[in-house]
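Everything below concerns the one structure shown next.
In the numbering used here, the protein residues as written are 135 to 181.
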């Protein structure tokens with residue numbers, strides 16, 4: 135059963151590994167985007 139493929143073509147172990155890396159890269163992306171937004175607000179506040 136461990137070698138059964140899902141609709142994505144990944145095994146359960148491969149999907150877990152992908153998900154772990156995805157969480158890291160997504161968190162980094164969101165953090166950088168938030169930081170960029172804060173810099174824009176600091177440089178050019180609208181209030």
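Just so you know, even glycine gets a beta-carbon here, dropped at the ideal spot from N, CA and C.
The model shown is predicted, which means the values in this text are computed figures rather than measured ones.
Annotated three-state conformation of residue 166 is helix, per DSSP. Taking residue 149 as the centre and dropping the five residues before and after it, the same chain places the C-beta of 140 and 142 closer than 8 Å to its C-beta, in chain order. Pairing residue 144 with residue 181, the inter-Cα distance amounts to about 49 Å.
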